[in-house]
Amino acid sequence: MLEGSTTPGHAAPWDAVMERWAPSPATNPDDPAALDQFIARLAADGLWLYESLTAERLDPELRQAVAERIAGTLSRDDGTRPLR
């Protein structure tokens, strides 16, 4: 996926998956919900890349805690603070 991103023919299958499963980048920085969705996407992508590109494996409990924390950013009542 990473190497194919610079070659349109190789990137096409991944682009289709990303369009279907990942939120688009936030286009309005004043929309807290859209911005939170994009930040969560970037964090989840970072977790995936970390696990994909390193030999080190996260402890399953730590990985679960990180994933839940990322998902928690999408559980905001007014777009500005997490629900507790």
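Each residue of the sequence shown is one higher than the last, beginning at 1 in UniProt numbering.
Cβ coordinates follow ideal geometry from the N, Cα and C atoms, glycine included.
Beta-carbon gap between residue i and residue j smaller than 8 Å
i	j	result
residue 37	residue 74	yes
residue 70	residue 33	no
residue 66	residue 49	no
Run of the alpha helix (DSSP H) containing residue i, from where it starts to where it stops
i	result
residue 46	32-53
residue 74	Residue 74 -> no alpha helix (DSSP H), and no H or E assigned at all.
residue 9	8-21
Nearest-angstrom Cβ-Cβ length linking residue i and residue j, presumed shorter than 8 Å
i	j	result
residue 35	residue 26	5 Å
residue 12	residue 5	With a Cβ gap of about 11 Å, residue 12 and residue 5 do not count as contacting.
| Taking contact to mean at least 3 C-beta pairs separated by less than 8 Å, is the stretch 50-59 in contact with the stretch 10-22? | Pairwise C-beta distances place the stretch 50-59 out of contact with the stretch 10-22, as fewer than three of them are shorter than 8 Å.
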